[in-house]
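Asker: Position in the sequence shown (first residue = 1) + 440 = our numbering.
Virtual Cβ for every residue (Gly too), placed ideally from N, Cα, C.
Quick one: structure below, then a few questions.
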Amino acid sequence: MHLLPWNKKNDEKKFRLDFRRLTSGRRRFAKSVNSEPSPRLSLSGDRSFAVPDGLVMDPLAPTALAVSTEFMERIGSGLTLLRDHGKKVQKFVFKNRRRDILRKSWNSIVNVVLIEAKDLPDGPNNGSSGLYCKFKLGNESHKSKLAIPKKPTWCERFNLYLYDDNNLEVTVWCKGKQKNFMGRCIIDLSNLEKEKTHDFWHDLECGFGSLHLLVTLSGSIRPTDNIPTTQSTPHGVHSDDQYIWYKLSNWSEVGKLLVTVHSAKGLSCLGISGKVDAYCVLELDNCRVQTHTVRGTSEPNWNNTYSFIVNDITSTLDISVYNESLINTMKGETLGKLSIPLLRIENDEMKWYALKDRSKKSSAKGNCPRLLLQMSVIWNPIKATFRVLNPKETKYVQKPAKFNIPLIYSNLKFIKELFNALYITNEHYKRVFEWDNREKSATALVIWLVFWYFFNLWMTPLLLLIPFLHQWISQRYFNKNNSLVPLYHSDEDVSDEELESHKDDKTLKTRIYGLQDLTFTIKNSIDYMVSVFERIKNLTNFTVPYLTYLAISVLILSSVAFYFIPVKYLFMALGIYKFTRKLLNPKRVPNNDLLDFISRVPDNEILKQWRELKVPEPNLSRSGSTRKKEVQEEN
């Protein structure tokens, strides 16, 4: 129950809160709310309101509210959140008040993605700042952000509600000192198939140019023929569609995906009302559909089937579960997310999938939140093979990247480990040629000679199969002995006590020293790589002519040797030379011939130090005057 005074304006249909009167009696009411059995709120003059028994007042709210004690205990600090974002809430409510009144009467949700425009006329030369579009569907309208006039690109998403008016009007404007009309187009939504994303270019009627749009009609609250349920239509592939994707026509479409969203369980109740109004959003690349909203339950049942055209079999189906409430709409929070690669789908398998949080790395809030799905995918392997050789489809609407410090730290740590691994590998490589371990060096020499004696060029692709073969054998071995050696250790296998002890060991001083060591290691490695590339560049531009001519001579002699001598014999001779250097000269220092040669070439920093400065000439005027004084003294 809300007890609020209302100030009636000239228009009887519009009302506004009289906040001045509420503020005047707010403090007096807060003092007396707990002392009197039936307190009265005096707002102004003779106007007062009695608070019924069993109700309490919230003195922290921006307005005087009389609500039940059970409701106050349930929402907790919900009104505090409303108070902190009071202006946003008020603006949102007033802007959408008509839509809230007619919420139960809309037919579908129209999801529009404004991508770009082309062939638009040049705007007036009066200091125009950009182009923007306006969308109008019935009494609801939206406005896009500004785009550069030369190449207008928005990549912006809008949600509109479809009532009785099926005509979506899109107008293009140029913003400057004055608004200039560029053109418009009207889209008849009744001709578009529901629960399917339509990608098209639409020409402007009252101007030149066209707009690139993605339009989807979904989320109908009444069952339609285009949204079959599992109760009426069995989940499966029609006999006509079973072999249609094996025809070599329309190479842009690889296959077809059928998804049935049955139900969900264990969703968290984070709203003010303590109930969940859940709906799902399914996205495959740029295709997007939305289920209807099931209100007032944490275990909704949708039982809807949707079909997607698959353009890339390596794509991922992204599913998000939302709560249709004011607070969650403003904050953009989800009840859970899920990503399923198409290649991991088992056809006609009904399976529960655990929902994850916003980062998709841990479980979402709730009582083991999960989603029951049934999926089937049919695809053409020949089309899919040619499709993976083409650029991947770009997703038009993406969230901006955030500055993630933990991710940066983990990436730097990975780079450090990679540099350390390369350094250790190089050291082992040099030790093999030094005969520190005679058995290992002898075995390496024999393998080297045998390999290059039988090597042919056609064997090169087979060599690249060695890592795949190694991983395949390792996985089969680990699967058979899964109880002995796990494939990986996840963060969930670690107990909370171990996590707490691990956190306590990392003090601030330890983290600072670790970050310092990490930074210096990466800096030194990057400096070394940059120095090597600069030396190679200076070798080619005749910075040191002697070394450049020497490199040219070696390359010419190598080309002549490859022409007359088979490659395998040259590599066999190179191996014998590498392995016998230690035997011929026991006191030699392990080295790399190529890097030693490149180290003789200066990098850019050394060239700056080698740069000669001009010798300053003596000041003639001062020397001349000094000479005159000496002559005068002699006379």
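1) Does DSSP put Tyr603 in a helix, a strand or coil?
2) With DSSP collapsed to three states, give me the class of Val1018.
3) Does the Cβ-Cβ distance between Leu608 and Leu560 come in under 8 Å?
4) Is it true that the CB of Leu600 sits closer than 8 Å to the CB of Val552?
5) Can you tell me whether DSSP reads Pro809 as helix, strand or coil?
6) Closest by CA to Val750, which one among His732, Ser765, Leu724, Thr737?
7) Near Glu452, what residues of its chain come up, given a Cβ to Cβ distance below 7 Å and the 5 sequence neighbours on each side ignored?
8) Report the rounded CA-to-CA distance for Leu1014 versus Leu897, giving the unit in angstroms.
9) Rounded to a whole number of angstroms, what is the C-alpha to C-alpha distance between Glu857 and Pro1006?
10) CA-CA distance, Cys646 and Ile962?
11) Could I get the ranges of all uninterrupted beta strand (DSSP E) runs contained in the region 734-790, with 3 residues as the minimum, in chain order?
12) If you drop the 5 nearest sequence neighbours on each side, which residues of the same chain put their C-beta closer than 7 Å to that of Lys583?
13) Could you tell me the boundaries of the alpha helix (DSSP H) in which Phe1037 lies?
14) With a threshold of 16 other CB atoms inside 10 Å of the CB of Asn820, please say whether the residue is buried or exposed.
15) Tell me the residue span of the alpha helix (DSSP H) that contains Trp892.
16) Ends of the beta strand (DSSP E) at Gln730?
17) Am I right that Asp1043 and Arg975 are in contact with their C-beta atoms under 8 Å? What's the rounded C-beta distance?
18) Would Val694 pass as a contact of Leu722 if the rule is Cβ separation under 8 Å?
19) Using a Cβ-Cβ cut-off of 6 Å (strictly less than) and excluding sequence neighbours within five positions of Ala440, which residues of its own chain qualify?
20) Within 8 Å (strictly less), CB to CB, does Thr737 reach chain C?
21) What first and last residue would you give for the alpha helix (DSSP H) that runs through Asn1044?
22) Work out the CA separation of Thr825 and Leu688 for me, nearest whole Å.
23) I need the boundaries of the alpha helix (DSSP H) containing Glu867, first residue and last residue.
24) Per DSSP, what kind of secondary structure is Ser914 in: helix, strand or coil?
25) Could you check which residue in Thr737, Glu833, Arg827, Pro809 has the C-alpha nearest to that of Cys727?
26) Could you name the residues of the same chain whose beta carbon sits closer than 8 Å to that of Asn620, not counting the 5 residues immediately before and after it, in chain order?
27) Taking 8 Å as the threshold, find out whether the region 989-1009 comes into contact with the region 832-847 through three or more Cβ pairs.
28) Name the DSSP bridge partner or partners of Thr611?
29) Pick from Pro781, Lys777, Met815: whose alpha carbon is nearest that of Met790?
30) Is it buried or exposed, His868, if we count other Cβ atoms within 10 angstroms and call 16 or more buried?
31) Find the nearest neighbour of Leu862 within the set Val828, Met969, Tyr836, Ser581, judged by alpha-carbon distance.
32) Among His652, Trp691, Val716, Val734, which has the Cα closest to the Cα of Val701?
33) Consult DSSP for Val1055 and reduce its assignment to one of helix, strand or coil.
34) Residues in its own chain within less than 7 Å of Trp1050 by CB, not counting five upstream and five downstream?
35) Measuring alpha carbon to alpha carbon, tell me which residue in Pro1056, Tyr719, Leu885, Tyr746 is nearest Leu697.
36) Please state if the CB of His638 and the CB of Cys625 are separated by a distance shorter than 8 Å.
Answerer: On the basis of the data shown:
1) Three-state DSSP puts Tyr603 in coil, outside helix and strand.
2) A quick correction: the sequence has Lys, not Val, at residue 1018. In the three-state scheme derived from DSSP, where H, G and I count as helix and E and B as strand, Lys1018 is classed as helix.
3) The beta carbons of Leu608 and Leu560 sit no closer together than 8 Å.
4) If you check the CB distance, Val552 and Leu600 come in under 8 Å.
5) It is a strand residue.
6) Checking every option, the nearest Cα to that of Val750 belongs to Leu724.
7) Caution is warranted here: a pLDDT of 40 is assigned to Glu452, below 50, making its placement in the model unreliable, and no coordinate value can be reported.
8) Distance between Leu1014 and Leu897, taken at the CA atoms: about 18 Å.
9) One Cα belongs to Glu857, the other to Pro1006, and the distance between them is close to 39 Å.
10) Taking the straight line from one Cα to the other gives about 59 Å.
11) Runs of the beta strand (DSSP E) inside the region 734-790: 741-750, 756-763, 776-781.
12) Short of 7 Å from the beta carbon of Lys583, and not among the five residues preceding or following it, lie these beta carbons of its own chain, in chain order: Tyr572, Lys574.
13) Unbroken alpha helix (DSSP H) run through Phe1037: 1033-1038.
14) Buried, by the Cβ-count rule.
15) Run containing Trp892: 878-894, per the alpha helix (DSSP H) assignment.
16) Its beta strand (DSSP E) spans residues 727-730.
17) Right, the Cβ-Cβ distance comes to about 5 Å (below 8 Å), so this counts as a contact.
18) Between Val694 and Leu722, the gap from beta carbon to beta carbon reaches 8 Å or more.
19) Only positions 441 to 1075 of the chain appear in the structure, and residue 440 is not among them; the question remains open.
20) Annotation note: the requested chain C is absent from the structure, which comprises a single protein chain.
21) Start and end: 1044-1050.
22) The alpha-carbon atoms of Leu688 and Thr825 are separated by roughly 12 Å.
23) Run containing Glu867: 845-872, per the alpha helix (DSSP H) assignment.
24) In the structure shown, Ser914 sits in a helix (DSSP, three-state: H, G or I).
25) Taking only the C-alpha atoms, the option nearest Cys727 is Glu833.
26) Correct list, in chain order: Gly563, Pro564, Ser568, Trp613, Cys614.
27) Verdict: no, contact absent.
28) Under DSSP, the beta-bridge partners assigned to Thr611 are Lys574, Arg624.
29) Selected option, being the one with the closest Cα: Met815.
30) Looking at its Cβ environment, which holds fewer than 16 other Cβ atoms inside 10 Å, His868 is exposed.
31) Looking at the Cα atoms, Met969 is the closest of the given residues.
32) With distances taken between Cα atoms, Val701 lies closest to Val734.
33) Looking at Val1055 - three-state DSSP - the assignment turns out to be coil, as it is neither helix nor strand.
34) For Trp1050, the CB contacts under 7 Å within the same chain, skipping 5 residues up- and downstream, are Pro1042 in chain order.
35) The shortest Cα separation from Leu697 among Pro1056, Tyr719, Leu885, Tyr746 belongs to Tyr746.
36) It is not a contact, given that the beta carbons lie outside the stated cut-off.
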